[in-house]
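Protein chains: 2
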Amino acid sequence: MAKSKKEVLVLEDILGSNKKLAASIRQKLRENGILAVNLLSSPGSGKTSLLEKIGFCLKDRYRIGVIEGDIETERDAERIRKIGLPAWQIITHGACHLEAKMIARIFDRIPADLDFLFIENVGNLVCPASFDLGESLRLVLLSVPEGDDKPRKYPEAFITSQVFVITKCDLLPHLPFDVERVIREAREINPKLEVFKTSALSGEGLEELCAFLEKKLEELRRQNA
Amino acid sequence: MAKSKKEVLVLEDILGSNKKLAASIRQKLRENGILAVNLLSSPGSGKTSLLEKIGFCLKDRYRIGVIEGDIETERDAERIRKIGLPAWQIITHGACHLEAKMIARIFDRIPADLDFLFIENVGNLVCPASFDLGESLRLVLLSVPEGDDKPRKYPEAFITSQVFVITKCDLLPHLPFDVERVIREAREINPKLEVFKTSALSGEGLEELCAFLEKKLEELRRQNA
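Those protein sequences? They're chains A and B, same order as listed.
If you read the first sequence in my numbering, its first letter stands for residue 14, the second for the next number, and so on.
If you read the second sequence in my numbering, its first letter stands for residue 14, the second for the next number, and so on.
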């Protein structure tokens, strides 16, 4: 949809400076051997529940921190702290996505000796996709109740992610959701997507996902060596 | 989160001209006795399914048209046409919400003798809330799988709506979702919210919702008389 020239210029400005700042954040994190993972999805797709499970799975062997992005409330950070992980809440007060500058503002509070830094973005399958936060890995989540037609309808999140996590697979018996179709359509948009079928309730797919994250951390460390 | 002065000015500009245009759209629609209803929710909350059911329920007695807002694809408009209703697709090509100017561009194609004009916004619980489209009634949908903690986390959509529709209530036996809590928290944000518990699958609550919409149309017509 056409934007005015002024709108386009301001948007380019914002995205340009965001990109630069994100690149410097990524460099610092990678130098410290930290794998930063940005999680994108609609509200209620299960980002926090997935993080709770990943946290449980990895916390005995790795140092993990979580940045929680929300428009209002500190509810998600509280859930993460309950499982014994440090969580930093960014409240955007209306803004529909996180930006690199918000990460930069709290950067000093993030311990340099982390292994994993998970960033849970604002629940929104659209806008967060345009903003690099300095992550090394981007995960897009889609839950079974949202429907198998979403990758084509919301392509940007799938184009810019390396990993596609299907969540709430325990609900498959109750809902018309074609797993093969959703994977096929997602890979038509982005053929390189790694796909995981998961359920935070039944535990399905979580071990595989955690093993993949560990492999990615090792790769990052090898590149540093 | 602080925006630059330039960003704030451009945003005020956009919202200001959107508001003016929306007011003139609303006036024209109301003069024609058309009740325009703007539907807001996350992707996959069931906006199109609800519209299909409302369409079935009302189409023998009323003239109904549907505007479908999507980032990509004409899938939703095709679903609506299948039940015999006219549907106009607005593809936003990346934009995360509908704006009044997008409605204005297709306004000439909307028959003046409609009773109901439903506008299905882009699937996004955040940004569409800031853009008046000239509707007389705004419905926010939240599906049971999204979780009962969403009104406080995404307040703007609940503040600016008159109606809160809980969808996919057939899934209540399978999910931890406290209906009383979600209604209480939504009404703490907006005490005037009308609430409907619905399921497009079982049909729960649809008759009540349709009767409410008919009542709202009658009110609009009485104000015109």
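Beta carbons are placed, not taken as given, at the ideal position from N, Cα and C, and that holds for glycine.
In this text, all values refer to a predicted model and were calculated from it rather than measured experimentally.
Closer than 7 Å at the C-beta level to chain B, one finds these residues of the segment 92-114 of chain A: 105, 106, 107, 108 and 109. Here DSSP, grouped into helix, strand and coil, assigns residue 176(B) to strand. For the pair of segments examined, the segment 60-79 of chain B was found not to touch the segment 65-74 of chain A: the number of CB pairs separated by less than 8 Å stays below three. Going by DSSP, residue 133(B) is part of the beta strand (DSSP E) stretching over 129-133. Residue pairing by DSSP places residue 83(B) opposite 104(B) in a beta bridge. With three or more CB-CB distances shorter than 8 Å, the segment 49-67 of chain A counts as touching the segment 134-153 of chain A. Identification of residues in the segment 152-181 of chain A having a C-beta nearer than 7 Å to some C-beta of chain B yields 156, 158, 159, 160, 162, 163, 165, 166, 167, 168, 169 and 181, given in sequence order. Annotation for residue 149(A): 39, 42, 43, 48, 49, 50, 229 and 233 place their beta carbon closer than 8 Å to its own, counting only its chain and skipping 5 residues before and after.
Closer than 8 Å to the CB of residue 223(B) there is not a single CB belonging to chain A.
For the segment 47-58 of chain B, the set of positions with a beta-carbon nearer than 7 Å to some beta-carbon of chain A reads 55, 56 and 57 in chain order.
The DSSP-derived three-state label of residue 192(A) is helix.
Using a C-beta cut-off of 8 Å, the segment 172-192 of chain A makes contact with the segment 147-162 of chain A, since at least three inter-stretch Cβ pairs fall below that distance.
When C-beta distances to chain B are compared with 9 Å, the residues of the segment 120-144 of chain A below that value are 135, 136, 137, 138, 139, 140 and 143, in chain order. In this chain, the alpha helix (DSSP H) harbouring residue 32(A) covers 18-44. Residue pairing by DSSP places residue 207(A) opposite 176(A) in a beta bridge. Secondary structure of residue 68(A) (DSSP, three-state): helix. Within the same chain, Cβ atoms closer than 8 Å to the Cβ of residue 168(A) are found at 202, the five residues on either side in sequence being excluded.
Cβ-Cβ distances below 7 Å link residue 173(B) to 142 and 151 in the same chain, with the five nearest sequence neighbours on each side left out; the list follows chain order. Between the segment 102-112 of chain A and the segment 183-203 of chain A there are fewer than three inter-stretch CB-CB distances shorter than 8 Å, so the stretches are not counted as touching. If you draw a straight line from the Cα of residue 36(A) to the Cα of residue 226(A), it is about 21 Å long. Closest option to residue 163(B), judged by alpha-carbon separation, among 76(A), 63(A) and 83(A): 83(A). The beta-carbon of residue 42(A) is placed no less than 8 Å from the nearest beta-carbon of chain B. In this chain, the beta strand (DSSP E) harbouring residue 151(B) covers 150-156. Interface flag for residue 86(B) against chain A is set, since a Cβ pair is found closer than 8 Å. Secondary structure at residue 146(B): coil, using DSSP grouped into helix, strand and coil. In the three-state reduction of the DSSP assignment, residue 47(B) falls in the coil class. Remark: C-beta atoms of residue 144(B) and residue 31(B) approach each other more closely than 8 Å.
Excluding the 5 residues flanking it on each side, residue 64(A) has same chain C-beta neighbours closer than 8 Å at 52, 79, 93, 131 and 133, in chain order. Annotated three-state conformation of residue 53(B) is strand, per DSSP. Around the C-beta of residue 102(B), 16 or more other C-beta atoms lie within 10 Å, and the residue is accordingly described as buried. In terms of Cβ geometry, residue 104(A) and residue 91(A) do not form a close pair [threshold 8 Å]. In the structure shown, residue 77(B) adopts extended strand secondary structure according to DSSP, grouped into three states. With 16 or more other Cβ atoms from the protein chains shown falling within 10 Å of its own Cβ, residue 147(B) counts as buried. Identification of chain A residues near residue 27(B) by a Cβ-Cβ cut-off of 8 Å yields 20, ordered along the chain.
By the 16-neighbour rule on beta-carbons within 10 angstroms, residue 98(A) is buried. The Cβ of residue 83(B) sits closer than 8 Å to at least one Cβ of chain A.
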